[in-house]
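Residue numbers (this note's numbering), protein chains in the order written: chain R, 134 to 392; chain H, 5 to 327. C-beta atoms are modelled at their ideal positions from N, C-alpha and C, and glycine is treated no differently. Structure, as structure tokens:
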Amino acid sequence: MKRIKISYILLAAMVLLPSLGHAQQYNGTSGFLHIPSAEMSHEGDARMGVHYLNKALLPDTGFLFQGEKYNTYDFYLGITPFEWIELSFTSTRRKDTRAVTGEVGFWRKDRYASIKIRPLREGRYHPAVAIGFNDVGTTAFNKERTDVQLYFTNIYVAATKHFGFGGNELAVNLAYRHYFRNYNNKWSGLVGGLSFRPAFFPQGRAIVEYMGNEFLIGADALLWQHVRIQASLIDFKYLNLGLCLQLNMLGKKYVVAER
Amino acid sequence: MKHNYSIFRRNCLMGIVLAVLLMSGPQRSWGQSEKASIDFFSGFEVGLYDFYFYQKYNVVFNLTPGFKWNMGNHWQLAGQARLTVINQLSNDVRRFYPSMLVLSKELKAGPVYLKGSVGAFSNSRYGFDLKAFLPVTPWLAFEAQAGLTGLLTMAGGWGMSPMGRFTGTVGGDIYLSRWNTQLRGVVGKYVYTDWGFQAEAMRHFNHATVGLYAKWNNIAGQLGQEGVSLTQSLAKGMDGGFKVTIMLPPYKRTHRTVNFRPASHYSLTYLVRGMAQYRDANQLYYTDPEENMRDGWFSRDLLKWGSHTMEPDFIYKGKEETE
């Protein structure tokens, strides 16, 4: 029976992922693909992962090498110490020429911390509400400071409501996001999306979202309760991929990665 | 006069530490401390130093073999060495050198728990150290530490200075048992002559503790320098990050007179600001090779407070009492 179940999961994953591709969580917090949501990981969850980032998902400046944008990757550590707060730390690699040898590689990095807080849990009639900060320090509010790199700096408020039908689950997500610099403020403003978690494969979900300037489709899944994979396509063209190891430090086991 | 005061303070602290070491009153002891035993163990250290924009990390990987001779009645002799396997940081460090050798004694004096230590501590310090912990309620406790130390290092050749540096901290702890969450705040004077404060919030999970911390010190904060206001000093001197302590398996163990095992834990600390004035800020030392933020200063079988009220990380076969 167990063998059948695992086979079923694998088969569903194989079918779903190539067709939907892409996923966010590129900074170790829960959310949709690129837009934040009010869903949270489970209390005690720790995440460690790596994410391949297409250049279309990067800021317009700061990630240029010899005048051109490039694909890169990041890695992150994240934790949900309580059910109402998530913390993470992300390092995004930047391409450069090594000073001594002249070798081209991802020698440089942009590091930032993320905080997500959910003050309002989802109720029968109202959505969950979360607020969050990416890479926000005092310099973010100082427009005169141009020497500090704030490529991923943004704040947001998100509302998410789930609806169930026939064992399936549909999540409606709406968020307002503000970027502090013009590197990527094309993604500022109202953003939103839908996710669908099928009854026959609750470990996974398909997502479609509007990220402020482009559309994004994708899927993610929690496999074997510890391995989280994600894939997404920006404007149906630009692929992003993510792989994450997830453990619950309270020893609990979950089928669904976030709630 | 200042010199006399210094001598008084030195002698006073040395006297107290020696008194704690020599006291062996009718302490209740059970668990591992009832019977002498010796543990040989090894942990490891991984340092990823993110100093340079043109390089991913400077990697340091050390093995940290050590021993603990539990002499009974909470007397302990412990030592540790450092074996460098990978070192991309400095050419001046020996591949193998002793780093700690400490004799310590824990005891309960009325409501106060005391720990006196003498020897070579971590962070290249040697001397005397006294720790005190006062649980007031199951959720509130106060703590203090005082040390009189000098430099003692064998990392890059023999280096030693007179034992004249006084360090001391005082602080409080709040433990929220429902969430196994601990809040800690201390102010103090530290080994590099700086003074400052530190606040920590940590949650203890199954076999792991994760914490956030913030700290400020007067040197990084340039306190008292011309043109630096108090607000500016607070901003300049503030730093923080996160800490993780993972207790290493196996969690079910057999305890014999002589034991070989992995170190009790692996810990890492991340500091947001990597510059020297922040790395060296608010520094003290460990007096036990396996000291960590999860277990605190005192043995689990002596002090039942905070994380020591949780399920033990290590269960010893054939013993009712566990560590």
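Within chain H, the residues V214 have their CB atoms less than 8 angstroms from the CB of R/I212, given in chain order. Taking a cut-off of 8 angstroms on C-beta distances, the stretch 292 to 310 of chain H touches the stretch 133 to 149 of chain H, as three or more cross pairs fall below it. Think of a sphere of 7 angstroms around the beta carbon of H/N210: the chain R residues whose beta carbon falls inside it are M382, L383, G384, in chain order.
For the stretch 214 to 226 of chain R, the set of positions with a beta-carbon nearer than 9 angstroms to some beta-carbon of chain H reads P214, F215, L220, F222, S224, R226 in chain order.
Put simply, the CB of R/R244 is near chain H, with a gap under 9 angstroms to one of its CB atoms.
Of the residues R/G164, R/I168, R/L376, the one whose Cα lies closest to the Cα of R/G322 is R/I168.
Against chain H, the beta carbon of R/G177 has neighbours under 7 angstroms at F209, listed in chain order.
Nearest CB-CB separation between H/D284 and chain R: not below the 9 angstroms threshold. DSSP, read as helix, strand or coil, puts H/S311 in helix. Following the DSSP letters along the chain, one finds H/Q236 inside the alpha helix (DSSP H) bounded by residues 234 to 241. Under the three-state reduction of DSSP, R/Q379 is assigned to strand. Nearest CB-CB separation between H/T185 and chain R: below the 9 angstroms threshold.
Cβ-Cβ separation between R/G345 and R/Q363: approximately 20 angstroms, too far for a contact (criterion under 8 angstroms). For the pair R/Q358 and R/F165, the Cα-to-Cα distance works out to about 19 angstroms. Scanning the stretch 160 to 220 of chain H for uninterrupted beta strand (DSSP E) segments of 3 residues or longer gives 169 to 180, 185 to 193, 199 to 209, listed from N- to C-terminal end.
Counting only Cβ-Cβ distances below 9 angstroms, H/Y274 has contacts in chain R at L210, F222, in chain order.
Fully enclosed alpha helix (DSSP H) runs of no fewer than 4 residues are not present anywhere in the stretch 202 to 284 of chain R.
Nearest to R/G195 by alpha-carbon distance, out of R/A263, R/N204, R/A179, R/Y316, is R/Y316. Taking C-alpha positions only, H/G114 is separated from H/F146 by approximately 14 angstroms. In the three-state reduction of the DSSP assignment, H/L134 falls in the strand class. Cβ neighbours of H/W162 within its own chain (closer than 6 angstroms, five residues either side excluded): none. The beta carbons of H/I223 and H/Y196 sit closer together than 9 angstroms. Listed in chain order, the non-local C-beta contacts of R/F239 below 7 angstroms within the same chain comprise T205, R226, R227, K228, local neighbours out to five positions each way being set aside. Taking H/T313 as the centre and dropping the five residues before and after it, the same chain places the C-beta of S181 closer than 7 angstroms to its C-beta, in chain order. At the C-beta level, H/T68 and H/A267 come within 9 angstroms of one another. Your pair H/Y130 and H/T153 checks out as a contact, with CB atoms roughly 6 angstroms apart and the cut at 8 angstroms. Non-local C-beta neighbours of R/N301 in its own chain, meaning closer than 6 angstroms and more than five positions away in sequence, comprise P331, A332, ordered along the chain. Within the stretch 49 to 80 of chain H, no alpha helix (DSSP H) run of at least 4 residues lies entirely inside it.
The C-alpha of H/T249 is placed about 29 angstroms away from the C-alpha of H/D96. By the C-beta density criterion, H/E204 is buried, having at least 16 other C-beta atoms within 10 angstroms. The beta carbon of H/D96 sits no closer than 9 angstroms to any beta carbon of chain R. Counted as a single uninterrupted DSSP element, the beta strand (DSSP E) harbouring R/Q363 occupies residues 360 to 367.
Closer than 9 angstroms to the CB of H/D54 there is at least one CB belonging to chain R.
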